[in-house]
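I have placed the structure first, in the form of structure tokens, so that the comments after it can refer back to it.
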Amino acid sequence: TANRLKPVIDRRFLLQEIVAAFKYYESQKHFGKVCLEL
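First residue of the sequence shown? That's 37 in our numbering, and the numbers climb one at a time after it.
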């Protein structure tokens, strides 16, 4: 378990902010994962 990879979460968005999340992802300024919170 010590050698597991951990994903890097760059930013989290609420589901209601899906348009902003997609625009942020599309801008390619993120480093890591862009997540939606349900």
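Cβ atoms here follow ideal geometry from the backbone N, Cα and C, with glycine treated the same way. The model shown is predicted, which means the values in this text are computed figures rather than measured ones.
Annotation for residue 58: the continuous alpha helix (DSSP H) segment containing it runs 54-62. Between residue 44 and residue 65, the gap from beta carbon to beta carbon reaches 8 angstroms or more. Residue 49 places its beta carbon 8 angstroms or farther from that of residue 74. Under the DSSP assignment, residue 40 falls outside any beta strand (DSSP E); it carries neither an H nor an E label.
Remark: C-beta atoms of residue 47 and residue 60 approach each other more closely than 8 angstroms.
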